[in-house]
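Chemist:
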Amino acid sequence: MWKPMIDGDVVRERITEAIGPVSDWTAITEGENSQAYSAVADGRAVVVRVNLRREGFELDAWAAKVLPGQGIAVPEVLAVGAVGEAWFCASTRLPGTRLCDLDEAAVEVSAPAVAETLRRIGDTPLPGRQGFGGIDPATGDGRNPSWADAVAWGVPKAWPELSDPADRAFLETLSEETLAEVEALPDCDRLVHGDYSADNLIVAEDGAIGVIDWECAMIGDPLWDLAYQLFWSRAWPVMTPQARASATADFTPTELNRLRCYMTVAGLRSASFYLAGTRGPALDLMIDRLRAMPSTPESIADLLPATDPHSVPRSIDQ
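Going by the UniProt record's numbering, the residue at position 179 of the sequence shown is 179; the numbering climbs one at a time, nothing skipped.
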């Protein structure tokens, strides 16, 4: 089980102990791994999340200290602590609407600001940091000795659980080829959000973009975040405008191949995740998108969705 199932009254009592009395306590849309509530505390709108892992909440607190000076809006973390067998995080609620909840026209209008915010994340200085990949919130250092090691994480070498022999052979060959390519990746020491998707972006009424959920933050190559957008734009149409807006630079052949590599890694990790959760349609979608990846992209257009994004059904629950 990935998500805790703690009674909401128990969570509210624990939050009251941590930050004081709360009102307007309401259950809200949850993620795959967390329970979530909205409330008001000391006159401020807050969000409370409950998860089986504490580290993601600590990374949110780390981001709240590092990023505001870069012109990037992130929630203020008010408290992190234990509740039952899980952990809670109480944070301020950014004003606005999640990008994935906006209509198509608003998503299009927001795309340039989403791209600019991503640029600011990649330009955030990380002086004195060591290591690569996932960030230790206590030190700000990366947990891996190289960027290649960080990228290789989560990519299975074998897929014995797959019952379809053709799919199994395809994924095992693709994993082997991709991991060999990953070994040659150069080290990069820029800030990476790691999950820069439409459900982690808040659009304010004035068009400003806020960024939430820093659990996957890394020290590495900012092209990872663009590749993540590109891959998911092939599976989730609301991601397409932000991917197109972020993909306007002139990319060298080497950069295009790194983007393709990162997209493949994102797809393999997702396929492994959905296979473990026995989520058949989502797994099938990942395999289909991986099969459609170009082997040698000649331009960024080769990595963007080939079809009208509005003609593709939203086939996966983000």
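Every residue gets a Cβ at the ideal spot worked out from N, C-alpha and C, and that includes glycine.
None of the values given here were measured: they were computed from a predicted structure.
Label Asp-221 either buried or exposed according to how many other C-beta atoms from any shown protein chain fall within 10 Å of its C-beta, with 16 as the threshold for buried.
Modeler: Asp-221 is buried by the Cβ-count criterion.
Chemist: Can you find the residues in the same chain that come closer than 8 Å, C-beta to C-beta, to Lys-157, ignoring five residues on each side of it along the sequence?
Modeler: Hits under 8 Å: Glu-172, Ser-175, Glu-176 and Leu-179.
Chemist: Expressed to the nearest angstrom, what Euclidean distance is found between the alpha-carbon atoms of Leu-201 and Leu-94?
Modeler: Those two C-alpha atoms are separated by around 10 Å.
Chemist: For Thr-97, which beta-bridge partners are listed by DSSP?
Modeler: Thr-97 pairs with Val-203.
Chemist: Going by the beta-carbon positions, is the gap between Pro-145 and Glu-55 smaller than 8 Å?
Modeler: No, the Cβ-Cβ distance between Pro-145 and Glu-55 is not below 8 Å.
Chemist: Since I believe Ala-198 is in contact with Cys-100 (beta carbons under 8 Å), could you give me their beta-carbon distance rounded to a whole number of angstroms?
Modeler: Yes, they are in contact, since the Cβ atoms of Cys-100 and Ala-198 sit about 4 Å apart, within 8 Å.
Chemist: Can you give me the C-alpha to C-alpha distance between Lys-65 and Cys-188, rounded to a whole angstrom?
Modeler: Cα-Cα distance, rounded: 22 Å.
Chemist: When DSSP labels each residue in this structure, what does Arg-49 get in the three-state scheme?
Modeler: Looking at Arg-49 - three-state DSSP - the assignment turns out to be strand.
Chemist: With a threshold of 16 other CB atoms inside 10 Å of the CB of Asp-164, please say whether the residue is buried or exposed.
Modeler: With fewer than 16 other Cβ atoms within 10 Å, it is exposed.
Chemist: Would you call the CB atoms of Ser-233 and Met-239 closer than 8 Å?
Modeler: Their beta carbons are under 8 Å apart, which means Ser-233 touches Met-239 by this criterion.
Chemist: What are the partner residues of Leu-191, as DSSP defines its beta bridges?
Modeler: Paired residues: Ile-219.
Chemist: Per DSSP, what kind of secondary structure is Thr-240 in: helix, strand or coil?
Modeler: Three-state result, Thr-240: helix.
Chemist: Could you name the residues that DSSP lists as bridge partners for Ser-23?
Modeler: Answer is Val-40.
Chemist: Report all residues from its chain with a CB closer than 7 Å to the CB of Ala-18; omit the five preceding and five following residues, and keep chain order.
Modeler: Result list for Ala-18: Ala-79, Gly-81 and Ala-90, in chain order.
Chemist: So who's on the other strand from Ser-34, going by DSSP bridges?
Modeler: In DSSP, Ser-34 forms a bridge with Asn-51.
Chemist: Taking the Cβ atom as the reference point for each residue, do Phe-132 and Ala-150 lie within a distance shorter than 8 Å?
Modeler: Result yes, Cβ atoms of Phe-132 and Ala-150 sit closer than 8 Å.
Chemist: Near Gly-267, what residues of its chain come up, given a Cβ to Cβ distance below 7 Å and the 5 sequence neighbours on each side ignored?
Modeler: Cβ neighbours of Gly-267 beyond the five flanking positions: Phe-231, Met-286, Arg-289 and Leu-290.
Chemist: Along the chain, where does the alpha helix (DSSP H) that runs through Ser-299 open and close?
Modeler: Premise fails: Ser-299 is in no alpha helix (DSSP H) and is neither H nor E.
Chemist: If the criterion is Cβ atoms closer than 8 Å, does the pair Met-293 and Arg-260 meet it?
Modeler: Yes. Within cutoff.
Chemist: Are the stretch 249-260 and the stretch 211-220 touching by the rule of at least three beta carbon pairs closer than 8 Å?
Modeler: Judged by Cβ distances under 8 Å, the stretch 249-260 makes no contact with the stretch 211-220, as fewer than three pairs qualify.
Chemist: Take Ile-15 as the anchor and find which of Glu-32, Asn-33 and Ala-41 has the nearest alpha-carbon.
Modeler: Comparing Cα-Cα distances from Ile-15 to each of Glu-32, Asn-33 and Ala-41, the minimum goes to Ala-41.
Chemist: Tell me the rounded alpha-carbon separation between Arg-120 and Pro-68.
Modeler: Their backbone Cα atoms lie some 11 Å apart in a straight line.
Chemist: Taking 7 Å as the limit between beta carbons, can you name the residues of its chain near Arg-143, skipping five residues before and five after?
Modeler: Taken in chain order, the residues that qualify are Gly-131, Gly-133, Gly-134 and Asp-136.
Chemist: First and last residue of the beta strand (DSSP E) that includes Trp-2?
Modeler: Run containing Trp-2: none; DSSP gives neither H nor E here.
Chemist: Let me confirm a value: Ser-272 is counted as buried when at least 16 other C-beta atoms fall within 10 Å, else exposed. Which label applies?
Modeler: With 16 or more other Cβ atoms within 10 Å, it is buried.
Chemist: How about His-193 and Ala-217: do their beta carbons lie closer than 8 Å?
Modeler: Their beta carbons are under 8 Å apart, which means His-193 touches Ala-217 by this criterion.
Chemist: Can you tell me whether DSSP reads Gly-131 as helix, strand or coil?
Modeler: In the structure shown, Gly-131 sits in coil (DSSP, three-state: anything other than H, G, I, E or B).
Chemist: Exposed or buried, which one is Leu-303 when buried takes at least 16 other CB atoms within 10 Å?
Modeler: Classification of Leu-303: buried, given that the 10 Å Cβ count is 16 or more.
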